[in-house]
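Here full-length UniProt numbering is used: the first residue of the sequence shown is 1, the next is one more, and so on.
Note that beta-carbon positions come from the ideal geometry of N, C-alpha and C, so glycine has one too.
Please read all numbers here as calculations on a predicted model, not as lab measurements.
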Amino acid sequence: MSKSKSEQEREWTVRKQDQNPHGKVKSLKQISKDVMKTE
Numbered sequence: 001m002s003k004s005k006s007e008q009e010r011e012w013t014v015r016k017q018d019q020n021p022h023g024k025v026k027s028l029k030q031i032s033k034d035v036m037k038t039e
């Protein structure tokens with residue numbers, strides 16, 4: 001793995017914020033679930 005888990009989660013959070021600037025950002029738990037689904 002080239003990136004640490006926290007780095008990955010931070011990237012996901014930023015990505016979600018970019019998609020939903022006015023919406024609520026998903027919790028890290030949900031983001032982790034999404035990451036596991038796509039891996």
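Within 8 Å, strictly: CB atoms of residue i and residue j
i	j	result
ILE31	GLU7	no
DSSP-derived helix/strand/coil call for residue i
i	result
LYS3	coil
SER32	helix
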